[in-house]
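Here's the structure, in structure tokens; my notes come after.
Protein chains: 2
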Amino acid sequence: MDTRPIGVFDSGLGGLTVIRELEKILPGEDIVYFGDTGRVPYGTKGHDTIAKYAAQDMRFLHSFDVKAIIIACGTVSSVAFDDIASVSPIPVIGVVTPAAVAAVSAVAAMKNRKIGVLGTSATIRSGSYQKVINRLNPDVQVISRACPLFVPLVENGHFEADDRLAELAAHEYLDEFEGLGVDTVILGCTHYPILSEIIGRVLGDSVTLIDSGREASHAAKQTFAQMGILSQNQTGGKCRFYVSDYTDDFARLASILLAHSLSGYVEKTDIEKY
Amino acid sequence: MDTRPIGVFDSGLGGLTVIRELEKILPGEDIVYFGDTGRVPYGTKGHDTIAKYAAQDMRFLHSFDVKAIIIACGTVSSVAFDDIASVSPIPVIGVVTPAAVAAVSAVAAMKNRKIGVLGTSATIRSGSYQKVINRLNPDVQVISRACPLFVPLVENGHFEADDRLAELAAHEYLDEFEGLGVDTVILGCTHYPILSEIIGRVLGDSVTLIDSGREASHAAKQTFAQMGILSQNQTGGKCRFYVSDYTDDFARLASILLAHSLSGYVEKTDIEKY
């Protein structure tokens with residue numbers, strides 16, 4: 001039993017899809033969310049820059065005496081997870097392993113043992129999902145594709161199901177999957193579930209999409225329960241939101257990603273001091 | 275006569291289109307360029323964040339004892355120029371006023387006195403170009419359009435003349451200009467000249483495009499000449515490049531924006547310390 005909050009961070013707003021899931025499955029938990037909106041996107045940047053930003057994000061969340069941290073960012077989970085987890089005094093959950101476990105389990109029943117992975121440039125360059133998938137099952141073939149414009153599209157509001165730019169971007173990135181027999185595709189960045197209707201339409205109905213943020217939320221619940229650090233509260237959890245940049249658009253976009261209006265505490269913080 | 279270097283900065287790589295111009299018209303000048311590739315883009319961020327980043331960029335360039343600074347960024351020139359220029363001990367040139375002067379001069383000879391302005395969200399929200407244009411000529415009508423995906427498109431290499439995503443984005447943003455009688459359009463962000471072939475094709479042949487970076491370069495030459503601070507050297511100027519993030523793609527993209535291969539000094543710097 002531990003009533004301290006859970007810390008969650010992302011490069012921007014994509015991690016709010018993880019909050020949406022946590023609110024459903026752990027409604028009694030308090031959460032502190034940090035979105036690095038002042039430096040978004042991470043996924044087009046280099047390894048050292050991402051690692052440095054992630055370390056600052058971790059230090060910021062630690063300042064709230066959180067009991068555990070969920071890295072709700074596919075890029076950080078891919079590039080810096082081992083560095084972060086190896087020195088963290090509290091449990092850290094990333095999105096890569098939970099999504100890889102779910103995908104390997106899904107293809108076990110399939111004819112074609114092929115998993116597609118969609119992620120940012122840094123995520124795909126790291127080979128993170130492929131490594132975990134092949135450690136779980138060396139017979140699975142992994143086909144990866146970087147989709148660097150998906151994050152700017154989402155952060156600029158291009159995610160409606162009929163958005164022409166998002167649809168064309170999806171075709172640019174995903175048409176190459178046609179005919180390859182890939183029946184399971186990991187949405188390896190927490191921004192991508194917002195585009196899942198478009199991505200699903202382009203890939204076709206027979207393809208199962210794995211939401212890396214949702215899988216991480218469920219893995220977190222399981223881990224925290226096993227460790228005995230869940231709160232005894234079944235309802236009433238509160239979420240405080242911190243961002244490194246605040247624009248007029250923030251509340252509107254955040255409400256869409258959370259699937260409810262943004263209520264409660266939102267504050268801008270100077271992340272570069274951490 | 276002043277042989278100290280000229281400082282030039284941008285949110286990322288767009289400002290290299292200004293360097294390309296300076297190399298042509300001031301080939302004897304040494305230049306220090308800073309591109310904030312670790313925090314790009316600026317134009318989707320809020321006023322306070324942009325002003326803070328710009329102040330750090332200025333302090334970084336001042337550390338080289340530069341004789342003048344060119345803000346090769348439409349967003350910073352729009353949002354923070356007055357704050358910067360009012361406290362700067364050395365001359366500061368932005369891109370807004372030079373581009374506005376060129377556009378007002380261009381429409382003087384036209385039937386329709388309508389100027390289109392394309393810029394980032396922050397630039398268009400600031401109304402910067404409109405203010406300067408109407409101070410120069412209150413009879414000119416200004417039609418502005420934010421094009422927030424143009425910077426991510428350029429920074430991710432989507433700028434070839436046949437790039438389908440860049441073309442569709444241009445249609446999304448620019449089709450509304452059809453039939454409005456706009457014959458002069460300011461490319462109000464230094465990334466946009468890289469897309470000028472696509473933008474020109476979508477707007478039509480009769481539209482004159484004003485390159486804000488090129489206009490700023492020429493205004494800078496004129497100002498520095500009047501102030502007597504140009505170098506006496508006619509050739510042999512060197513450019514040192516500093517960035518806040520370095521990826522494998524940097525040299526390739528930079529070479530395209532510079533229109534020659536990137537040679538010489540490139541170094542990564544920790545801009546957050548400034």
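Chains as they are written, first to last, in the numbering used here: chain A, 1 to 274; chain B, 275 to 548.
Backbone N, C-alpha and C define an ideal beta-carbon position, used for all residues, glycine too.
In this text the structure is predicted, and so the values were computed from the model without any measurement.
1. By the 7 Å beta-carbon criterion, what residues does the region 231 to 257 of chain A contribute toward chain B?
2. Cβ of S529 of chain B within 6 Å of any heavy atom in the ligand FMN?
3. Any idea if Q330 of chain B is buried or exposed, counting beta-carbon neighbours within 10 angstroms, 16 or more meaning buried?
4. Whole alpha helix (DSSP H) runs in the region 137 to 196 of chain A with 4 or more residues, listed along the chain?
5. Going along the region 166 to 200 of chain A in order, which residues come within less than 8 Å of chain B, judged by CB to CB distance?
6. Mark S263 of chain A as exposed unless 16 or more other C-beta atoms lie within 10 angstroms of its C-beta, in which case mark it buried.
7. Taking just the CA atoms, how far does S402 of chain B sit from R526 of chain B?
8. Out of A:A106, A:G35, A:M1, A:P27, which one is the CA nearest neighbour of T235 of chain A?
9. Can you grab the Cα-Cα spacing for the pair S105 of chain A / Q141 of chain A, in whole Å?
10. Determine the direct distance from the alpha carbon of H336 of chain B to that of V32 of chain A, and round the result to whole angstroms.
11. Label Y327 of chain B either buried or exposed according to how many other C-beta atoms from any shown protein chain fall within 10 Å of its C-beta, with 16 as the threshold for buried.
12. Who are the neighbours of K495 of chain B on chain A, taking C-beta pairs under 7 Å?
13. I'd like to know whether the C-beta atoms of A373 of chain B and I468 of chain B end up nearer to each other than 7 Å.
14. Just checking: is the beta-carbon of N408 of chain B within a distance shorter than 7 Å of some beta-carbon in chain A?
15. In this structure, how does DSSP classify Y33 of chain A when only helix, strand and coil are distinguished?
16. Exposed or buried, H260 of chain A, counting other C-beta atoms within 10 Å across all chains shown (16 or more means buried)?
17. Please tell me whether S244 of chain A and D36 of chain A are closer than 7 Å, where the distance is taken between their beta carbons.
18. With three or more C-beta pairs closer than 8 Å as the rule, is the region 72 to 81 of chain A touching the region 115 to 128 of chain A?
19. With a threshold of 8 Å on Cβ separation, who are the neighbours of V476 of chain B within its own chain once the five nearest residues in sequence on each side are excluded?
20. Quick one: what does DSSP say D276 of chain B is sitting in, helix, strand or coil?
21. In whole angstroms, give me the CA-to-CA distance for T208 of chain A and D522 of chain B.
22. Return the CA-CA distance between S121 of chain A and L13 of chain A, expressed in angstroms with no decimal places.
23. Quick one: is T49 of chain A near chain B, going by C-beta distance under 7 Å?
24. Between the Cα of I473 of chain B and the Cα atoms of B:I345, B:N411, B:V428, which residue gives the shortest distance?
25. Counting C-beta neighbours from all protein chains within 10 Å, is the total for R135 of chain A 16 or more, i.e. buried, or is it exposed?
26. Taking the alpha carbon of G453 of chain B as the reference point, which residue from B:S480, B:A359, B:I293, B:M275 has its own alpha carbon closest?
27. Using the beta-carbon of each residue, which ones in chain B are nearer than 9 Å to P5 of chain A?
28. Here's the rule I'm using: 16 or more other beta-carbon atoms within 10 Å means buried, otherwise exposed. How should V87 of chain A be labelled?
29. So with CB distances below 9 Å, who are the chain B contacts of T208 of chain A?
30. How many angstroms separate the CA atom of V66 of chain A from the CA atom of K273 of chain A?
31. Can you give me the start and stop residues for the beta strand (DSSP E) that A68 of chain A sits inside?
32. Quick one: Cα of G119 of chain A to Cα of T277 of chain B, how far?
33. Taking its Cβ as the centre, do 16 or more other Cβ atoms sit within 10 Å of I133 of chain A, making it buried, or is it exposed?
34. Which of the residues in the region 414 to 428 of chain B, read from start to end, lie with their CB under 9 Å from any CB of chain A?
35. Between which residues of its own chain and R267 of chain B is the CB-CB distance below 7 Å, once the five residues before and five after are set aside?
36. Between which two residues does the beta strand (DSSP E) containing V314 of chain B stretch?
With the given structure in hand:
1. D245, Y246, T247
2. The model on display carries no ligand, and the ligand FMN is accordingly not part of it.
3. buried
4. 150 to 155, 164 to 174
5. L168, A169, E172
6. exposed
7. 33 Å
8. A:P27
9. 14 Å
10. 38 Å
11. buried
12. Under the 7 Å cutoff, chain A gives no residues; its nearest Cβ is about 34 Å from K495 of chain B.
13. no
14. no
15. strand
16. exposed
17. yes
18. yes
19. E441, A444, H445, L448, D449
20. coil
21. 33 Å
22. 18 Å
23. yes
24. B:V428
25. exposed
26. B:S480
27. The premise fails here: P5 of chain A is roughly 26 Å from chain B at the closest Cβ pair, so nothing lies under 9 Å.
28. exposed
29. Those within 9 Å of T208 of chain A in chain B number zero; the least Cβ separation is about 27 Å.
30. 19 Å
31. 68 to 71
32. 47 Å
33. buried
34. P422, L423, V425, P426, L427
35. This structure cannot settle anything about residue 267 of chain B, because the visible part of chain B is limited to 275 through 548.
36. From DSSP, V314 of chain B is part of no beta strand (DSSP E); its letter is neither H nor E.
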